[in-house]
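Protein chains in written order, with the working numbering: chain A, 1 to 110; chain B, 111 to 226.
Following this line, the structure appears as structure tokens:
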């Protein structure tokens with residue numbers, strides 16, 4: 001069945017280091033979304049990518065959608081303690097199915 | 111304020127005692143969904159609804175029921191809760207699921223359920 005694999009499951013970084021989480025689907029996606037869940041909070045939408053090879057930036061966050069529309073990444077440059085949380089990707093498929101990755105939990109040491 | 115409201119936020123119950131978690135959205139969204147979140151397993155979909163009177167099973171529907179009699183409400187019912195249903199539950203809604211840019215999901219604050 002359709003599923004989205006996300007790695008790593010956990011990432012612990014020193015403040016100022018970079019962070020990347022990756023999502024991969026075995027079948028082509030129509031779009032991919034990224035969400036952030038702060039500790040004790042609920043997932044909040046960050047961004048959506050639709051086009052092959054698309055790259056979007058939000059301040060220190062860079063989101064990429066692969067050329068084959070089967071993978072995506074979220075890269076954070078120079079992490080800050082405010083970046084702490086779990087990052088989820090959600091892959092949308094042409095059959096109106098949407099699948100969440102298992103999430104990457106980021107902790108940042110000051 | 112546009113929002114998805116879940117109640118209760120916290121619930122401790124005992125095995126077999128029927129319970130309902132309510133979910134309401136004020137954004138006139140067609141699509142609503144229930145997820146459970148467990149450590150290491152991410153968000154797993156329980157049930158979803160594309161519109162009023164239309165519901166479908168997600169990946170982990172066993173032990174749960176839902177209904178969608180009104181557009182704004184999508185209650186989750188546990189007829190006979192068991193300890194393996196102890197989890198963090200999220201309700202979410204989106205304008206539609208079949209249109210890119212309209213399929214962004216808005217989540218409720220979550221319901222932490224413990225079944226003893």
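Backbone N, C-alpha and C fix where the C-beta goes; we use that ideal spot for every residue, glycine too.
Those residues which DSSP pairs with residue i across a bridge
{"i": "residue 43 of chain A", "result": "A:37"}
{"i": "residue 166 of chain B", "result": "B:158"}
{"i": "residue 32 of chain A", "result": "A:49 and A:91"}
{"i": "residue 82 of chain A", "result": "Partner(s): none; residue 82 of chain A has no beta bridge."}
{"i": "residue 75 of chain A", "result": "A:20 and A:62"}
{"i": "residue 178 of chain B", "result": "For residue 178 of chain B, which the question treats as bridged, DSSP gives no partner whatsoever."}
{"i": "residue 152 of chain B", "result": "B:148"}
Distance CB(residue i)-CB(residue j) smaller than 8 Å
{"i": "residue 3 of chain A", "j": "residue 99 of chain A", "result": "yes"}
{"i": "residue 101 of chain A", "j": "residue 5 of chain A", "result": "yes"}
{"i": "residue 199 of chain B", "j": "residue 168 of chain B", "result": "no"}
{"i": "residue 69 of chain A", "j": "residue 24 of chain A", "result": "no"}
{"i": "residue 197 of chain B", "j": "residue 155 of chain B", "result": "no"}
{"i": "residue 210 of chain B", "j": "residue 73 of chain A", "result": "no"}
{"i": "residue 120 of chain B", "j": "residue 222 of chain B", "result": "yes"}
{"i": "residue 191 of chain B", "j": "residue 129 of chain B", "result": "yes"}
{"i": "residue 80 of chain A", "j": "residue 15 of chain A", "result": "yes"}
{"i": "residue 216 of chain B", "j": "residue 114 of chain B", "result": "yes"}
{"i": "residue 63 of chain A", "j": "residue 76 of chain A", "result": "no"}
Boundaries of the beta strand (DSSP E) in which residue i is found, first to last residue
{"i": "residue 202 of chain B", "result": "197-204"}
{"i": "residue 187 of chain B", "result": "186-188"}
{"i": "residue 135 of chain B", "result": "129-135"}
{"i": "residue 7 of chain A", "result": "4-7"}
{"i": "residue 21 of chain A", "result": "19-25"}
{"i": "residue 117 of chain B", "result": "114-117"}
{"i": "residue 146 of chain B", "result": "141-148"}
{"i": "residue 13 of chain A", "result": "10-14"}
{"i": "residue 226 of chain B", "result": "Here residue 226 of chain B belongs to no beta strand (DSSP E), and DSSP marks it neither H nor E."}
Reference residue i, options the options, closest by Cα
{"i": "residue 195 of chain B", "options": "B:178, B:207, B:140 and B:145", "result": "B:145"}
{"i": "residue 173 of chain B", "options": "B:186, B:124 and B:179", "result": "B:186"}
{"i": "residue 17 of chain A", "options": "A:60, A:107 and A:78", "result": "A:78"}
{"i": "residue 109 of chain A", "options": "A:75, A:71, A:49 and A:13", "result": "A:13"}
{"i": "residue 116 of chain B", "options": "B:210, B:214, B:202 and B:207", "result": "B:202"}
{"i": "residue 126 of chain B", "options": "B:154, B:212, B:222 and B:193", "result": "B:193"}
{"i": "residue 224 of chain B", "options": "B:112, B:118 and B:114", "result": "B:118"}
{"i": "residue 180 of chain B", "options": "B:140, B:128, B:114 and B:217", "result": "B:140"}
{"i": "residue 124 of chain B", "options": "B:162, B:189 and B:177", "result": "B:189"}
{"i": "residue 19 of chain A", "options": "A:7, A:26, A:40 and A:27", "result": "A:7"}
{"i": "residue 84 of chain A", "options": "A:43, A:26, A:28 and A:27", "result": "A:43"}
{"i": "residue 67 of chain A", "options": "A:21, A:82, A:49 and A:60", "result": "A:49"}
{"i": "residue 97 of chain A", "options": "B:160, B:164, B:171 and B:176", "result": "B:160"}
{"i": "residue 171 of chain B", "options": "B:111, B:163 and B:143", "result": "B:143"}
{"i": "residue 65 of chain A", "options": "A:75, A:22 and A:52", "result": "A:52"}
{"i": "residue 226 of chain B", "options": "B:112, B:165 and B:122", "result": "B:122"}
{"i": "residue 95 of chain A", "options": "A:76, A:47, A:55 and A:28", "result": "A:28"}
{"i": "residue 218 of chain B", "options": "A:26, A:40 and A:32", "result": "A:40"}
Cβ contact (3+ pairs, closer than 8 Å) linking the stretch 81-97 of chain A and the stretch 29-47 of chain A:
Because the criterion of three Cβ pairs below 8 Å is met, the stretch 81-97 of chain A and the stretch 29-47 of chain A touch.
Please determine if the stretch 167-184 of chain B and the stretch 125-144 of chain B are in contact, where contact requires at least 3 C-beta pairs separated by less than 8 Å.
A contact is defined here as three or more CB-CB pairs under 8 Å, and the stretch 167-184 of chain B meets this definition with respect to the stretch 125-144 of chain B.
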